[in-house]
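Protein chains: 4
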Amino acid sequence: MSNKKALKIAVIGGGSSYTPEIVEGFIKRYDEMPIRELWLVDIEAGKHKLEIVGELAKRMVQQAGLPIEVHLTLDRREAIAGADFVTTQMRVGLLEARKRDEHIPISHGVIGQETTGPGGMFKALRTVPVILDICKDIEELAPDAWLFNFTNPAGIVTEAVQKYSKVKTVGLCNSPINFYKFLAKEYGVTERDVLPEFVGINHLHWVTAAYVNGEDKLPELIGKGREYTASNVTAFDWDADFLSSLGAIPTYYLRYFYMTDKMLEDMKASMEKNGTRADVVSRVEAELFELYKDVNLKEKPKQLEQRGGAYYSEAAVNLMYSLYTDRRDIQTLNVRNGNIIDFLPEDASIEVNCVVTAQGPIPIPLQNVPAHVTGLLHAVKTYESLTIEAAITGDKGIALQALVHHPLVPSVSVAKTLLEEMLEANKEYLPNFFK
Amino acid sequence: MSNKKALKIAVIGGGSSYTPEIVEGFIKRYDEMPIRELWLVDIEAGKHKLEIVGELAKRMVQQAGLPIEVHLTLDRREAIAGADFVTTQMRVGLLEARKRDEHIPISHGVIGQETTGPGGMFKALRTVPVILDICKDIEELAPDAWLFNFTNPAGIVTEAVQKYSKVKTVGLCNSPINFYKFLAKEYGVTERDVLPEFVGINHLHWVTAAYVNGEDKLPELIGKGREYTASNVTAFDWDADFLSSLGAIPTYYLRYFYMTDKMLEDMKASMEKNGTRADVVSRVEAELFELYKDVNLKEKPKQLEQRGGAYYSEAAVNLMYSLYTDRRDIQTLNVRNGNIIDFLPEDASIEVNCVVTAQGPIPIPLQNVPAHVTGLLHAVKTYESLTIEAAITGDKGIALQALVHHPLVPSVSVAKTLLEEMLEANKEYLPNFFK
Amino acid sequence: MSNKKALKIAVIGGGSSYTPEIVEGFIKRYDEMPIRELWLVDIEAGKHKLEIVGELAKRMVQQAGLPIEVHLTLDRREAIAGADFVTTQMRVGLLEARKRDEHIPISHGVIGQETTGPGGMFKALRTVPVILDICKDIEELAPDAWLFNFTNPAGIVTEAVQKYSKVKTVGLCNSPINFYKFLAKEYGVTERDVLPEFVGINHLHWVTAAYVNGEDKLPELIGKGREYTASNVTAFDWDADFLSSLGAIPTYYLRYFYMTDKMLEDMKASMEKNGTRADVVSRVEAELFELYKDVNLKEKPKQLEQRGGAYYSEAAVNLMYSLYTDRRDIQTLNVRNGNIIDFLPEDASIEVNCVVTAQGPIPIPLQNVPAHVTGLLHAVKTYESLTIEAAITGDKGIALQALVHHPLVPSVSVAKTLLEEMLEANKEYLPNFFK
Amino acid sequence: MSNKKALKIAVIGGGSSYTPEIVEGFIKRYDEMPIRELWLVDIEAGKHKLEIVGELAKRMVQQAGLPIEVHLTLDRREAIAGADFVTTQMRVGLLEARKRDEHIPISHGVIGQETTGPGGMFKALRTVPVILDICKDIEELAPDAWLFNFTNPAGIVTEAVQKYSKVKTVGLCNSPINFYKFLAKEYGVTERDVLPEFVGINHLHWVTAAYVNGEDKLPELIGKGREYTASNVTAFDWDADFLSSLGAIPTYYLRYFYMTDKMLEDMKASMEKNGTRADVVSRVEAELFELYKDVNLKEKPKQLEQRGGAYYSEAAVNLMYSLYTDRRDIQTLNVRNGNIIDFLPEDASIEVNCVVTAQGPIPIPLQNVPAHVTGLLHAVKTYESLTIEAAITGDKGIALQALVHHPLVPSVSVAKTLLEEMLEANKEYLPNFFK
């Protein structure tokens, strides 16, 4: 990519409530990274939302006085053709499917969560074929484009693209950027002054060092019991003895593994009260779209931050900017493992610090890998890779093996029950399994 | 070791009810592998049993008309000095400790078992310092001797010896030899005609091929639902779909992992009825020693086979014989990993096929490693290695990490509770933790 | 392969002067491994030799009173169809080509030798396409057959088959078996009592241990300056200081690398006197065929042993026997590396100890790899793998890289000169390079 | 290291003719990286030079109007105590030793060069014990200091420090920075706009990609025959076919390996004409010190650039600056391998791109490793590691193995001759070999 030309961006799932975030990001960076065309594309079922959010995007650009063309379309190929960057933020089966991903496991006493365990598996089984379809379009119409994948389970989806297409891709999560921000705030410095080390995979990483101006503040942070967390995961406190012998700070998603009993109870309780997380999100979304409709709204509304994906678009715009300018800074991304985590397959996706050049992000060797967590990490990655294989082949046996060997699934018989019930419930989105 | 000289054997824990088995083995092989001296050694607390079983051993030798000298002693150093082979079969804390290893976890809803999970950890914490003490004697008094370790958890204990002493050691389990026998019987051939492939570690292996006269019968065995099992593990049937998608036969111990809920329920039920496995063994042992006392008994009594360690001594005598004669046959043993399982540390102990030369067993590269099980295998081995580190250092934090990351322990808080309660209960055997 | 049925053997290049050796081997082992059909196949140009040696083979079988059918044919497919074992002993371009392989390098001051360096490369470039053609027939007509490759450069040819066909193959060299025999003789024991360890690749291995009845005699052998060698490589003495600091015994072929100057001088001198090794072999062969014609000759003539390939057929028959009977003994063979030599590619061929089961030879982990030699070993293997790539693609650039990076080629300019001259000289046998 | 405080620098071998370069570097960067104290330390024999160059340094600082204290001392410990950075630029045995390193090999028909082959070995054998002695002082007196090693053979010396001391160290060579400059100049861009990839070890690397504003210009450069080189290595042209099939640009030092015959001839010829490179350097140095004496000289004289180490100090100051400011830019440095080059030992030093954080340089995974060169690279690294072992132990056998297996040494007998003669010639500097 030449670093001279103005850019074309395609946002798949452009009707998402997140879109104003990324539009704001483009506006802020316009001087250094000029966007020529922004294509918001969605499917027929999302047309109404696309129009609402698209009009808001246009108003935001106009308000900023910038010559960015905003296009709304249902024609994916038109949006992709010649794009420099393609982002995906989609939900195959919509929030209804998410409800099932959460509801069914919980009803069998298993964590129901859309990024890991049975819920994560089914979200992946629905999404992988769709994303690979999009990749075919990119291979044909924009072979030099970078695909940024935000779609959960981001680690699995990214790995699937890396294995089964030629598209250049990176997986993005807001959890790392949130830690940078937490750390900077904690020590009253800028984000550029901090450098945490992340070890692991998407939603299953550990922070193993936390440099602030070159000094490792991790022991201090662990001692203080200071922690970073997110609005969408219940923030039970970590046990102090556990953290200190772990010698690392687990991502908040690791509560599903380290506090399984408590988290499950909490899920059940809040399901009774508020419904699942999917139900909560439904309500938040409905409110957001009400706001978006207001023709006087010309900027990203504050309420969007509650939605749960804080700083997602900042992460994306940062990455674009580094690829565009060959910035060679360090960012925490989902990329192909290579030799970085030596016990995982080379073609597994991992979430670690990378130096971002114009050729793409290159993962940096890890300085501290806690021996304690290697088995857990290996087990979840195995589930992820098997899930991809199942999505591609439609092989129920492989899906069963993936579930059985996931640490949150208690036995073969529970795995079988969940598999049957969830396959049936997702039938219309799983043609590979029902040919 | 020259293959000419007659041998000196030292049996640590010689007062064990298993001793008649190994004596029988020596008698049967005497022509090819002449034993000159057999030293049965035990601790003060085991003196009475040592005398009973020792006298039986003498009667067995006399009955066979062989010039094997049987010595009974409480002086371990005397027994070890100049030995060619040392075997260990011991139980630090006796059956009382085993009861606690089983009882405490079950009372907190966790599998209570003396070879894995919390029970396995505490058996290891008690045993590792004692075995390393024995190793110091061997290093000094019989530096060329081979140490055969039968003591459970055999994988952990063997790895501890390999890491922390210079003694040449092999870990032995009867589970593989039972599979050879099962397979030979199933197809009506001799054991020499079969060659199963084992992948994994002690009590956590999968049979991934089952050659009978050069042909792989594994698919057939899986199809038939034929299985091998042992008297000491409840033999719930494997799910057919699970086995067939697994493409391997799990050892019966894997029921603790694949049928956790059912096994736990079964443990609870049979605990109410018969007490724990430790209680059952107590009763069987008492009966055996009654038999052993009979001066007319001059051979191994049939009832010993019920004891649960069938063919242990056959495995041991086989191995001795191959080391003694440089036989270069294939046996399934617990040895140092090296590069065999590439995602485990080189100094981990694994249980795989080895070719046994006079220099010791060399593990053979694996031909089939099911991707499905790599995470589970890695997780349990991590627990094992951390357990050794905890045993050596007496570091509670490491012990906590080991427990938390064991797949059968459901959460950090359960791990903490178990750790505290079991440390307290084992206080007198854990000087490293209570200095 | 069932171990019941009588076997069909196909010998490609059956008109070779070596054939009586292998026939003798089959006769000796007949009781344990009955051969039903022996097919000797050759090309049109070798018809005359095939008839001579074929008739001798028939007389040998008749003399032994065995019901082995000996077939002579020019139809390779007929010979291969349904065979259990196929062996190759061939020379594309005949001895004339070998003369050029030796002559041209020597004339440019470079070792000229048919198994390494420029000579080895060109022998490989001529042979690889032919052997892969044979493999296509085997894949089609005898998919379960084992292909034993004797054809030099055996390491390269074996690796090519492993990489570019599905045929099960093993590379065989007589150098290891000669060392077993040397060692047994030196210590007055049987070959079964010795176990040397070989580290390396074909014609570039080091013996790193030499067990005799379980005791390592290597230091003693190095001290004595005792060595094994072959009639076809000039046996200059090894320097004692060098051997002792090396801590291993190099194969006699390593003289080309460790005594390059002396060996080159010797080659030049003997070329003037006797012509190249090819010329010597020519004369020996002519004499052998004179003997073979004698209708009274009914056994392998003593003179064959001078030919340079002593015990080749013993090695082959040993291997067949172990595969046929699932013997699980240790033999030194050329097989796929896997993880055995960790710095070489997994699909490289290496020459190491293997345990031979009915499923094939499995290489055994090495116990001692001298750090000193790793670079040399890596360099020559790189040349070998590049040579295969050049043979397949006909890419001159890859051939140039292979030559430049071979340790016996002194510079890029010499490499270019040799490449041009030898390509031209071998034009008719290198269609891939001259399309 | 806090990024606030002013720095103390110790230059071991401060009397070197290079010193004005590094002083100039400190002056230029003063605003961003303030030096408080600059300690130039040398040995008694170098006192005179130290005074001359030290006075020049003081004049340079004064001219720049900066508050940098310049200290001259023969007391190494005083210089090191509390230093933030220590650099070494020294020559054990002075230029007389270098003459021998070059002269003796050439007289036996072998490349005589102070950074590889026999010459490099002996420079290393003399230097390693001295540098490790310095490291002991650093461990004691400045445990947080970074040691920058410029002393040749830089790869070996750096690896020795990494293996045998706790000092944080980086090896520096000017060859990479020269390539950055060559590339930037070639395309008329700034150095920040270029990013070449380096694969290999010190003085034996290949440039495998040459990004200019994100586009790989390597194929173009190879096609044009454009090359970078240095004044101290004769710049024979590379063969076009060779370069294009290599797919990489070799460092100019690789001419010793790829054009051995020509380079040797050239060395012999220029030795007759001008003496060895050591003689040339002697003359240049004498002239430089004449200039330095001039009290009117207050800046680095132009003539220093001819000396052969162009941009050495720029490289050093760049690195210091990045460590000091946690800059996280990419620099090409000699560091511990880890998993970067997977066929070399983890503790080998390699020369590759690193991202430089305040914690030190972290090597970045390589994107292109030409298979062709792996053997050569492995062979030379093996020689390097053995050389270190020989330097530490004084073991002649290991030194012999290192020489024999170096690609530029033609045979065991030449290696032995060289070893004996060079050991004798270096006797006074090799106490480990002559105890």
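Chains as they are written, first to last, in this note's numbering: chain L, 13 to 447; chain V, 13 to 447; chain S, 13 to 447; chain Z, 13 to 447. Just so you know, even glycine gets a beta-carbon here, dropped at the ideal spot from N, CA and C.
Taking the beta carbon of Lys17(Z) as the centre, do at least 16 other beta carbons fall within 10 Å, making it buried, or is it exposed? exposed
Using a cut-off of 7 Å between C-beta atoms, extract the partners of Thr451(V) located in chain S. Since the displayed chain V opens at 13 and closes at 447, residue 451(V) lies outside it and no answer follows.
In terms of residues, what are the limits of the alpha helix (DSSP H) holding Asn190(Z)? 186-199
Taking the C-alpha atoms as reference points, what is the distance between Asp327(S) and Val426(Z)? Residue 327(S) is actually Ala in this sequence, not Asp. C-alpha separation (whole angstroms): 37 Å.
Nearest chain Z C-beta to Tyr199(L) closer than 9 Å, yes or no? no
Under 6 Å Cβ to Cβ from Val307(L), same chain only, skipping five residues before and after it: list those, please. none
Any C-beta of chain L sitting closer than 9 Å to the C-beta of Lys236(V)? no
Going by the beta-carbon positions, is the gap between Val23(L) and Ile39(L) smaller than 9 Å? no
Neighbour-count burial assignment, Ser14(V), 16 or more Cβ in a 10 Å radius: At Ser14(V), the pLDDT of 42 sits below 50, so the modelled position is not reliable and the matter cannot be decided from this model.
For Ile374(S), which residues in chain V fall below 8 Å Cβ to Cβ? Ile376, Pro377, Gln379
The region 200-208 of chain L touching the region 164-176 of chain L, judged by at least three CB pairs closer than 8 Å: no
Along the alpha helix (DSSP H) that carries Arg348(Z), what are the first and last residues, could you check? First-last for Arg348(Z): 341-348, but that is the beta strand (DSSP E), not the alpha helix (DSSP H).
Starting from Ala222(V), follow the beta strand (DSSP E) in both directions and report where the run begins and ends. 216-224
Could you tell me whether the Cβ of Asn15(S) comes closer than 9 Å to any Cβ of chain V? For Asn15(S), the predicted structure reports a pLDDT of 45, less than 50, and the residue's modelled location is therefore unreliable. A value from the coordinates is still provided. Yes, Asn15(S) counts as interfacial toward chain V.
Given a cut-off of 9 Å on the beta-carbon distance, is the pair Leu430(S) and Leu442(S) in contact? no
What does a CB cutoff of less than 8 Å around Pro382(L) pick up in its chain, not counting 5 residues either side in sequence? Val211, Trp218, Thr220, Leu258, Gly259, Ala260
Verify the CB distance criterion: does Met271(S) have a CB-CB separation below 9 Å to chain Z? yes
With a threshold of 9 Å between beta carbons, is Asp407(V) in contact with chain L? yes
Pair every Cβ in the region 337-353 of chain S with every Cβ in the region 368-378 of chain S, then say whether three or more of these pairs are closer than 8 Å. yes
If you run the structure through DSSP and keep just helix, strand and coil, what is Arg110(S)? helix
Taking the DSSP output, what are the residues bridged to Phe210(L)? Val219(L)
Proximity winner among Arg138(L), Tyr42(L), Gly131(L), Thr163(L), relative to Glu81(L) (alpha-carbon distances): Tyr42(L)
Every unbroken beta strand (DSSP E) within the region 326-389 of chain L, with a cutoff of 3 residues, ordered by chain: 341-348, 361-369, 372-375
Burial state of Ser119(V), where buried means 16 or more other Cβ atoms lie within 10 Å: exposed
Leaving out the 5 sequence neighbours to the left and right, which residues in its chain are closer than 8 Å to Leu106(L) when beta-carbon positions are compared? Ala57
Would you check if there are 3 or more beta carbon pairs closer than 8 Å linking the region 248-257 of chain Z to the region 404-422 of chain S? yes
What residue range does the beta strand (DSSP E) around Asn161(L) cover? 158-161
DSSP on Glu12(Z), reduced to helix/strand/coil? The question about residue 12(Z) has no answer here: the residues shown for chain Z are numbered 13 through 447.
If we cut at 9 Å on Cβ distances, does Lys393(V) have a partner in chain L? yes
8 Å contact criterion, which Asn186(V) and Tyr324(V) should meet: CB distance rounded: 4 Å
Do we get a CB-CB distance below 9 Å when we pair Gly226(S) with the residues of chain V? yes
Who are the neighbours of Arg340(Z) on chain L, taking C-beta pairs under 7 Å? Asp341, Ile342
Rounded to the nearest angstrom, what separates His60(Z) and Pro419(Z) at their Cα positions? 40 Å
Quick one, are the C-beta atoms of Val122(L) and Leu316(L) less than 9 Å apart? no
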